[in-house]
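Visitor: So the number in the working numbering is just where the residue sits in the sequence shown, counting from 1, plus 543.
Where is the CB? At the ideal position from N, CA and C, for every residue including glycine.
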Amino acid sequence: MKPNIIISESARPIWQIPIAALFFTIATVILILGLYNLTFTEKGLIVFLYELKSSILFIAPGIGFTLTKSIHIDITNSRFRPTFNVGPLKFGSWQTIKNYEYVSVFHQPTINGDYVFEVNLWYDQNKHFELYEENDYKEAFLIGYELSEQLHIDLLDATVPNNFQWVNKDEWKSKIASETIE
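1) In whole angstroms, what is the alpha-carbon distance linking residue 629 and residue 575?
2) Three-state secondary structure (DSSP) at residue 638?
3) Restricting to Cα atoms, I'd like to know which of 640, 625, 641, 642 is closest to residue 634.
4) Under the rule that 16 or more other beta-carbon atoms within 10 Å means buried, what is residue 656, buried or exposed?
5) Per the DSSP calculation, residue 622 is bridged to which residue(s)?
6) Determine the burial state of residue 563: buried for a count of at least 16 other Cβ atoms within 10 Å of its Cβ, exposed for fewer.
7) Taking the beta strand (DSSP E) that residue 660 falls in, what are its first and last residues?
8) Looking at the unbroken beta strand (DSSP E) that takes in residue 699, where does it start and where does it end?
9) When the Cα atoms are used, what is the spatial distance from residue 642 to residue 666?
10) Answer yes or no: do residue 601 and residue 569 have a C-beta to C-beta separation smaller than 9 Å?
11) For a quick check, are the C-beta atoms of residue 646 and residue 691 less than 9 Å apart?
12) Does the pairing of the region 586-598 with the region 615-623 give three or more beta-carbon distances under 8 Å?
13) How close, in whole Å, do the beta carbons of residue 651 and residue 659 come, if the pair is a contact with beta carbons under 8 Å?
14) For a test of the three-state rule: what should DSSP assign to residue 606, helix, strand or coil?
15) For residue 611, which three-state DSSP category applies?
16) Hey, how far is the Cα of residue 580 from the Cα of residue 599?
17) For residue 561, which three-state DSSP category applies?
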């Protein structure tokens, strides 16, 4: 059994890095020029606040081009930490899970009419935590299966509305071994 599990969104496409760098560079230049021209008068502070606002407006899309989400699960200490990563910076705090119940995989409709598959970890009787979203059924199920195996808990297939079924994990083991997952 692995003591720690990390579930992470895939890395951003390489073409987004220069775009994010451009936005961060523009924001930094605006902020530096604002600080350089800062005068401690009422008009000077108002001008600086407008430049600060402009800088923030360039930082926002830069963050959008670099933001990824990951979940760290510490099985040994029964805790998890959702993190938001912006480049090398990680934001998130550890939360304790007392009783793992089961992992569920279900589909959630999106605004445009498509579906996204979500993997949730249910704990403490009725609490759950969204671990992962994926457009591909197979990928979402493999993540849910692997997590349920590591935690030694059941896996619920909730992809068909009003027809939830507990997954026979022995059957899935043989499907994975023979690579016949549909």
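Guide: In brief:
1) 21 Å
2) strand
3) 625
4) exposed
5) 617, 639
6) buried
7) 658-666
8) 697-701
9) 5 Å
10) yes
11) yes
12) no
13) 5 Å
14) helix
15) strand
16) 18 Å
17) helix
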